[in-house]
Amino acid sequence: MGAQPLIRVEKLQKHFPIRLGAFGERAVTVHALDDATFDIAEGETLSLVGESGCGKSTTGFAILNLHRPTAGRVVYQGRDIATLDEKAMRPIRRDLQIVFQDPYSTLNPRMTVGDAVGEPILFHGLCKRSELPHRIERLLADVGLPPRFAQRYPHELSGGQRQRVAIARALACQPKFIVCDEAISALDVSIQAQIINLLLDLQEKYGLTYLFIAHDLAVVRHISTRVGVMYLGRLAELGTRDQLFGEPLHPYTKALMSAVPEADPVAERNRHRQILEGDVPSPLNPPPGCRFHTRCPIAMAECRTIVPEWRDRGEGHFVACHAVPA
Amino acid sequence: MSERLLDVTDLSIEIETRSGPATIVAGIDLHVDKGETLGIVGESGCGKSLTMLSLLRLLPNKIRVAGGRAEFQGRDLLKLSRRELRQVRGGRIGFVFQDPMTSLNPVMKIGAQLSEPLIYHRDMSRADAWKRSGELLRLVGIPGAEERLHSYPHELSGGMRQRVMIAAGLACEPELLIADEPTTALDVTIQAQIVDLVKELRKRLGMSVVWITHDLALIAGLADRICVLYAGTVVEDAPVDQLFATPGHPYTRGLLASIPRVSGSTMARLSSIGGTPPEPGRRPSGCAFAPRCPLAQEVCRQNAPALQPMQGSSNAHRVACHFAGRLMSEAA
Amino acid sequence: MAFVPMSVPVPDEAPVSLWRDAWSRLLRNRLAVAGLVMVLVLVFAAAFGPMLTPYDFLSQNLEARNLAPSLSHWFGTDDLGRDVFSRVLYGTRTALIVAVVVTAIAVAIGVALGAVAGFFGGLVDRTIMWFTDMTMSVPNLLLVVVINASLKTPLSQWMEARYLVTLNPFYRETIWVDFLLVFGSMALISWPPYARLVRAQVLTIRSRPYVTAARALGLTNRIILIRYVVPNALGPLIVAVSAGLGSAMVLESAFSFLGVGVNPPTPSWGNMISDGLRVWQHYPHLLAAPAAVLGLATVAFSFLGDGLNDALNPRGSK
Numbered sequence: 001m002g003a004q005p006l007i008r009v010e011k012l013q014k015h016f017p018i019r020l021g022a023f024g025e026r027a028v029t030v031h032a033l034d035d036a037t038f039d040i041a042e043g044e045t046l047s048l049v050g051e052s053g054c055g056k057s058t059t060g061f062a063i064l065n066l067h068r069p070t071a072g073r074v075v076y077q078g079r080d081i082a083t084l085d086e087k088a089m090r091p092i093r094r095d096l097q098i099v100f101q102d103p104y105s106t107l108n109p110r111m112t113v114g115d116a117v118g119e120p121i122l123f124h125g126l127c128k129r130s131e132l133p134h135r136i137e138r139l140l141a142d143v144g145l146p147p148r149f150a151q152r153y154p155h156e157l158s159g160g161q162r163q164r165v166a167i168a169r170a171l172a173c174q175p176k177f178i179v180c181d182e183a184i185s186a187l188d189v190s191i192q193a194q195i196i197n198l199l200l201d202l203q204e205k206y207g208l209t210y211l212f213i214a215h216d217l218a219v220v221r222h223i224s225t226r227v228g229v230m231y232l233g234r235l236a237e238l239g240t241r242d243q244l245f246g247e248p249l250h251p252y253t254k255a256l257m258s259a260v261p262e263a264d265p266v267a268e269r270n271r272h273r274q275i276l277e278g279d280v281p282s283p284l285n286p287p288p289g290c291r292f293h294t295r296c297p298i299a300m301a302e303c304r305t306i307v308p309e310w311r312d313r314g315e316g317h318f319v320a321c322h323a324v325p326a
Numbered sequence: 001m002s003e004r005l006l007d008v009t010d011l012s013i014e015i016e017t018r019s020g021p022a023t024i025v026a027g028i029d030l031h032v033d034k035g036e037t038l039g040i041v042g043e044s045g046c047g048k049s050l051t052m053l054s055l056l057r058l059l060p061n062k063i064r065v066a067g068g069r070a071e072f073q074g075r076d077l078l079k080l081s082r083r084e085l086r087q088v089r090g091g092r093i094g095f096v097f098q099d100p101m102t103s104l105n106p107v108m109k110i111g112a113q114l115s116e117p118l119i120y121h122r123d124m125s126r127a128d129a130w131k132r133s134g135e136l137l138r139l140v141g142i143p144g145a146e147e148r149l150h151s152y153p154h155e156l157s158g159g160m161r162q163r164v165m166i167a168a169g170l171a172c173e174p175e176l177l178i179a180d181e182p183t184t185a186l187d188v189t190i191q192a193q194i195v196d197l198v199k200e201l202r203k204r205l206g207m208s209v210v211w212i213t214h215d216l217a218l219i220a221g222l223a224d225r226i227c228v229l230y231a232g233t234v235v236e237d238a239p240v241d242q243l244f245a246t247p248g249h250p251y252t253r254g255l256l257a258s259i260p261r262v263s264g265s266t267m268a269r270l271s272s273i274g275g276t277p278p279e280p281g282r283r284p285s286g287c288a289f290a291p292r293c294p295l296a297q298e299v300c301r302q303n304a305p306a307l308q309p310m311q312g313s314s315n316a317h318r319v320a321c322h323f324a325g326r327l328m329s330e331a332a
Numbered sequence: 001m002a003f004v005p006m007s008v009p010v011p012d013e014a015p016v017s018l019w020r021d022a023w024s025r026l027l028r029n030r031l032a033v034a035g036l037v038m039v040l041v042l043v044f045a046a047a048f049g050p051m052l053t054p055y056d057f058l059s060q061n062l063e064a065r066n067l068a069p070s071l072s073h074w075f076g077t078d079d080l081g082r083d084v085f086s087r088v089l090y091g092t093r094t095a096l097i098v099a100v101v102v103t104a105i106a107v108a109i110g111v112a113l114g115a116v117a118g119f120f121g122g123l124v125d126r127t128i129m130w131f132t133d134m135t136m137s138v139p140n141l142l143l144v145v146v147i148n149a150s151l152k153t154p155l156s157q158w159m160e161a162r163y164l165v166t167l168n169p170f171y172r173e174t175i176w177v178d179f180l181l182v183f184g185s186m187a188l189i190s191w192p193p194y195a196r197l198v199r200a201q202v203l204t205i206r207s208r209p210y211v212t213a214a215r216a217l218g219l220t221n222r223i224i225l226i227r228y229v230v231p232n233a234l235g236p237l238i239v240a241v242s243a244g245l246g247s248a249m250v251l252e253s254a255f256s257f258l259g260v261g262v263n264p265p266t267p268s269w270g271n272m273i274s275d276g277l278r279v280w281q282h283y284p285h286l287l288a289a290p291a292a293v294l295g296l297a298t299v300a301f302s303f304l305g306d307g308l309n310d311a312l313n314p315r316g317s318k
C-alpha cells in the first residue's frame, strides 16, 4: 500500500431521522452508519460485505456525499468533502463515480444510450461537441458494446447490457474511483461473470480504484484486495483478502463465511456449519455495547455495555471485538 | 428401486402475445422420487417457476399449459377436477413462494392463516387447528410459537416470515414440498438457517422436496438430484455429485465455470458464457443454447437435441446435447 | 475447461424510441384508434363545420319550426326553426374551445403547483397540498353556481358601463363575460387532480436511481429537472389530459344545462339538451341529437385516454 491513501474515511456517521405514527409524532433515528474509519488505497479494490441493513451501501453513498454524512470526515486530495455542498461537490464528482445495483432503473428511459453516455462528457466540458460521437463510440467499445448501441433506448437492452451502459456512463468523466453498489447482484449468474471480468479489465486499463459493495462472498473473494465486514451500521473487521478469508478474527465474520454455500456437493456434505441464531436487530434501536452481542456465540459481560475498540491487530488487520487479543 | 412421486412428461407452456401464442416452456421432462430433493436450476426467464406453478394450475393470466402430462401418485394433475385440485393444493403438495412479504395476507393473524388449510383439508375444528398451528411454528423453529400465532405478518422479520411460509406449506403434511427460491430475498446467515431447517424437516417427515433456485452453490449441499433448465427445456438432469464432477451440457459447464471458486486463482478472469439468454417466448429454433454455445455446429441450429443418457455414465445422468459424449471424451 | 467468451451477438433491429413505440402500440389498439378518429372528426367539425352547412346556426325560420329530421335538415329544426345540425356543429366548437382552454389553464396551474410541491417538499408541499385538498372538497357545482351568480351581473354591468364611456366595441360583447366566468370557474375546479398527479410523479421520479445517478455525475438540479424528471412525468400527464378534455366537455354541458354556462343564443350542447328536454315528448330529436353527440365525444376521449394509458405503460398492459 502506498503511503498516501486515495480516500481516508474518519469516524464517518450517517443517521437518518424518520417520523413514525399516523401524524409523524414519533421522531426516531435510524443508525445506518457509525464510526467507520478506514483508508482506500489507490488502485485497490476494497469490498464491503454484510447483510441487508448493515450500512454498506450507506457507506458508499456517504463517501460520495450523495447522502450528507451526519458526522465524520471523508478526505480526498487533502480536502474534507463530507461537508461540501452540492455546488462545491460538482467538480469533484468527476473523479468519484458510482454504479448501482438495478440496471433497470439507473438509466433514464427517455434517453438513448449515446445521450446518456455523452451527457457527463459535455456537462463537464471534457471534449468538443464534434469529437463526442467518437468519444461515445470508444467508451462503448471499452465496455464491450458495438457502436450502433448508441442509438438504442434502455428498454431495448438486456440487464447485462444496461449494466455495461451504466459502467460506460460512470467511466465517461474519467474517474479515479468508482463505488460499485451491488453492481452485479441483480444479474443472472452467467452475466455476472461477464461484468466482473469487465470491471477487472477496466481497472487494469485505467488504474481505477473500486469500493465494491456486495453480499456475495465468493465474488468478493475473487476480486478484492481488501475486505471490510459490516454488521448493523458498524465495521466488524477489515483486512486483506487473505487475512479475512484465511484467518477471520471476528465471530460474525466467521459465521458469515460459514453460512456461504459452496458449489461443491462433497465439501458441502462434510462441512460443519456454524449457524447464527436469531435475526439482525433493528437499526432504529441498536443494542448497546457490541452490536453483535445479541447473536454472538462467545459474548461476554463487557460486550453488552462497552463498544469494542476498532483497532489494528497487526499488518493492517482491523477488528472490533473484545474477545480478540490485542 | 425408488418410487416415483411426480412424473412430468413433455410439458409445454405458452404465453398469449399480440402476435399469437409463444412457447416459453418446450417439452419439459422431469420426475421426483419419494423422499428425494430435486433441485431445479436456471436463470431468470428459463421457465423454472412456471413449470412448477403449472402443476397446481396457478399460472398467471395469458399463460397456459399447451400440452404434456404431470402424474402425481399415478394421476394426471393437469386433468383433475377443480375439487380434486383443491385437495392436492396445500393438502398433498405444499408450496413456498419466494417473497414471504407478499405471500402472506397482511390483515390476518399468523395462527388464522395456518389454521385455514387444516380446517379445510383435514376437517379439524378451529381449536384443534389453532393448536396444530402452534406445533407447526415450533417445528419450523420459531421461538415463542404459541404467542406468535397472534402476530400479524408485518410484526415478524423476513426470516421468520419465511419460516411461517414453510410451516404453511407443511401444514397438511404434504408428500411434496415445492419451494420457489425461498431464500433469495433473505440474507446469507438467515438462508443458512432456512436450508438447515428444510433438510432436517425432510429427514423427519420423509417428504420429497423440489427446490427452485438460480444458485448452484446453494443447491449443491441441498439436493440429491439437479435439473438444469435453459430457455424452457431441461438441458441436463443428473445426481448432484455427477452434475458437479462431470457436467455434460456446455451450458451447465459454463454456469459452473462462471462461479468464482474459493480455491481458484484470484483476480484472474472468470470464464463466462457470452451473450444473453433468449427472452421468454423468443426461443431460437434447434437447440436453444446454440447461439451462445462454443461447440455449436449446423446440426444444433437445425434439430433440438433430446434428453438422453450420457455416454460412459449412469442412466441417471441425462443430457440434451448433440455433442454431450464428445465433450466428455475431450474432458477426459 | 476451455470456455472462451465470445463476442456478444446482438440482433440488428432498428432502434425505436419510446414515443414511437407507444404510438405504434396505440395504433394496434382498435378502441383507441376509434377514439382517435372520432376526436379528429370533432376537431374537424369544430374548425370547418359551420362553413359547410347551408344554414346559419342563428338564423330563424318560423315557417319551418320543429321539423323532424329530413334530407334538408339532417337533425330537424328547433322551435325557432333553426337547423339543429348546424347548431350541434357550432356546439362542437363551443365544447372544444371550452374543453381545451379549461384543460390548458387547469394543467398549467396543476403542473406548476404539483411540481413545486413535489420537488421542494416540506412546508411548501404541505401548504400546497392543503390548498389542493380544500379546493377538491368544495362541491364543484356549488362553487361554479356561486361564482357565476355573484360575478355575472356585476361584470356584465361593468362591461356595459365601459362601453357607454369608451364606445369600444369590445365591451359590447358580453359573451366575453360568459367565457371568462365559464373558463375561470371550470379551471378552478379542474386543476387539483393534475396537481396531485404531477406531485406524485415528481416524488417517485425524484427517488429513482437514475436521478441519483445523474446527481452522482454532478449534473445540476435544472438539468435533472428538465431532462430526467419532466420527460418521465409526461406520460401519465398526457393520459390525464386526454381524459380531462372529455370530462371538461361534460362539465361545460352540465353548466350550460343548469344555465350557468354559455348563454343562449350561442349554441352549446348543454343548453340545447336543456331546451330539448322541455319538449322531448313531442320532438325527441331536439334532445337526442345534442345528447348523442355529447355521448359520442365523451366516449371518444375516454377510449383515447385508455389507449394512451396502455400505450405509454407497456408493462401495465401485459
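Protein chains in written order, with the UniProt record's numbering: chain A, 1 to 326; chain B, 1 to 332; chain C, 1 to 318. Glycine included, C-beta positions come from ideal geometry on N, C-alpha and C.
Quick check on the burial criterion: 16 or more other C-beta atoms within 10 angstroms. Buried or exposed for residue i?
i, result
"B/Glu236", "buried"
"B/Phe244", "buried"
"B/Ser125", "exposed"
"C/Ile205", "buried"
"A/Gln97", "buried"
"B/Phe289", "buried"
"C/Leu142", "exposed"
So, is the C-beta of residue i closer than 8 Å to a C-beta in chain C?
i, result
"A/Ser285", "Just to set this straight, residue 285 of chain A is Asn in the shown sequence, not Ser. It does not; no Cβ of chain C falls within 8 Å."
"A/His215", "no"
For residue i and residue j, what's the separation of their Cα atoms in angstroms?
i, j, result
"C/Asp178", "C/Thr153", "10 Å"
"B/Ile28", "A/Pro69", "53 Å"
"A/Gln161", "A/Gly246", "35 Å"
"A/Leu122", "B/Ala306", "54 Å"
"B/Pro60", "B/Ile15", "10 Å"
"C/Ala289", "C/Leu277", "12 Å"
"C/Met272", "C/Val202", "42 Å"
"C/Arg196", "C/Gly121", "13 Å"
"C/Leu312", "C/Ala214", "24 Å"
"B/Arg69", "B/Asp241", "29 Å"
Mind checking which residues open and close the beta strand (DSSP E) that includes residue i?
i, result
"B/Thr233", "Thr233 to Pro239"
"B/Glu16", "Arg4 to Thr17"
Is residue i close to chain A, meaning its C-beta is less than 8 Å from at least one C-beta of that chain?
i, result
"C/Pro169", "no"
"B/Ala145", "no"
"C/Leu312", "no"
"residue 342 of chain C", "One cannot answer for residue 342 of chain C here, as it falls past the ends of chain C, which runs 1 to 318."
"B/Pro260", "yes"
From what residue to what residue does the alpha helix (DSSP H) around residue i run?
i, result
"B/Ala257", "Pro250 to Ala257"
"B/Ile190", "Val188 to Leu205"
"A/Trp310", "Unbroken run through A/Trp310: none, as it is neither H nor E."
"C/Val124", "Gly122 to Ser137"
"A/Met230", "A/Met230 -> not in any alpha helix (DSSP H); beta strand (DSSP E) instead, spanning Arg226 to Tyr231."
Practice task
Pair every Cβ in the region 273 to 280 of chain A with every Cβ in the region 199 to 218 of chain B, then say whether three or more of these pairs are closer than 8 Å.
Solution key: no
Practice task
Taking 8 Å as the threshold, find out whether the region 192 to 207 of chain A comes into contact with the region 235 to 252 of chain C through three or more Cβ pairs.
Solution key: no
Problem - Cβ pair count under 8 Å reaching 3, the region 69 to 85 of chain A against the region 2 to 17 of chain A - result: yes
Exercise for the section: Evaluate the contact criterion for the region 43 to 62 of chain A versus the region 179 to 195 of chain C: three or more CB pairs, one atom per stretch, below 8 Å. Expected result: no
Handout entry: Any 3 or more C-beta pairs closer than 8 Å across the region 189 to 202 of chain B and the region 227 to 234 of chain B
Key = no
Problem - the region 180 to 190 of chain B / the region 153 to 167 of chain B touching (three or more Cβ pairs under 8 Å) - result: yes
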